[in-house]
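Okay, so here's the structure we're looking at.
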Amino acid sequence: MGSFNDIVHNRKQCRGFVAKELDEDDLEKILEVALKSPRVSSETDSHFIIVDDKVQLSKLSDCNDIDSYLLKDAALAIVVIGNSLNNEFWVEDGSMAAVSMLYMAEQLGIGSYWVQVRKRGYYDGANSTEIIRGVLEIPEEYDVLCILGIGYAKEQGAVSEDCTKWENVHLNSF
Ligand SMILES: Cc1cc2nc3c(=O)[nH]c(=O)nc-3n(C[C@H](O)[C@H](O)[C@H](O)COP(=O)(O)O)c2cc1C
């Protein structure tokens, strides 16, 4: 089990999955960090829809014309949603949960893939959120932030160039 430092340095977006199911305990660990992640108030929650049904996964993999197709081969997807009517910080809350899940997956040797949903859709104007709402029967007051594809990575990608921009860190003023 790597240190948090190792996890941060090694985590990479997974761009291909092998056909292998996820261990239930591992899924529980991933979900637990989402449920324990920092949020704006204990009164507000994100919700997480686990999709492991292949037909449903295939429908989700068609929610945009950019990169959602990769979801088709994931062991499962975790759809991160929030109540945008009663929580103006649903995006921040959901993002904290999503990033926590990415790091926990990495710690467990599991690949993850972020498909952005909010403000995304098809070039022809179809809206990803509305497509997913229909597939998963999500109530109107909830909005979809992202879908995480989760599974075992097909191949380890080449180690990419270090793009750590230390110049983006400022001391005392911009
Ligand atoms: C808010 C957010 C939205 C993202 N949306 C997508 C996406 O729609 N499709 C995708 O392939 N990757 C998406 N990513 C992943 C980034 O493209 C990826 O993290 C970035 O290229 C850096 O690569 P790395 O994660 O391997 O370091 C998203 C990441 C974040 C934080």
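Okay, so the sequence shown: first residue is -15 according to this note's numbering, each after it adds one. Think of the CB as a built atom: it goes at the ideal place given N, C-alpha and C, for glycine as much as any other residue. Quantities reported herein were computed from a predicted structural model and do not represent experimental measurements.
Would you call the region 114 to 125 and the region 30 to 49 touching, i.e. three or more CB-CB distances under 8 Å? The region 114 to 125 is in contact with the region 30 to 49.
Straight-line Cα distance separating glutamine 91 from glutamate 12: Mapped onto the sequence shown, residue 12 falls at position 28. Mapped onto the sequence shown, residue 91 falls at position 107. Between the alpha carbons of glutamate 12 and glutamine 91 lies a distance of about 13 Å.
Going by DSSP, which residues form a beta bridge with isoleucine 134? Along the sequence shown, read from residue 1 onward, the residue named residue 134 stands at position 150. According to the DSSP secondary-structure assignment, isoleucine 134 is paired through a beta bridge with Leu60, Ser96.
Within the present structure, is the beta-carbon of aspartate 37 separated from the nearest heavy atom of ligand 1 by less than 7 Å? Within the sequence shown, the letter at position 53 stands for residue 37. It does not: the Cβ of aspartate 37 is nowhere closer than 7 Å to a heavy atom of ligand 1.
Is the beta carbon of lysine 149 within less than 7 Å of some heavy atom of ligand 1? Taking the first residue of the sequence shown as 1, we reach residue 149 at position 165. False, no ligand heavy atom lies under 7 Å from that Cβ.
Any heavy atom of ligand 1 nearer than 6 Å to the CB - residues listed: For ligand 1, the residues with a Cβ under 6 Å from any of its heavy atoms are, in chain order, Lys(-4), Gln(-3), Asp51, Trp98, Val99, Gln100.
Excluding the five sequence neighbours on either side, which residues of its own chain have a C-beta within less than 7 Å of the C-beta of lysine 56, listed in chain order? One-based indexing of the sequence shown puts residue 56 at position 72. For lysine 56, where only same-chain residues beyond five positions count, the Cβ hits under 7 Å are Leu41, Ser42, Ser45.
Residue span of the beta strand (DSSP E) that contains phenylalanine 158, given as start and end: To locate residue 158, count along the sequence shown from 1; it is residue 174. First-last for phenylalanine 158: undefined, no H or E at that position.
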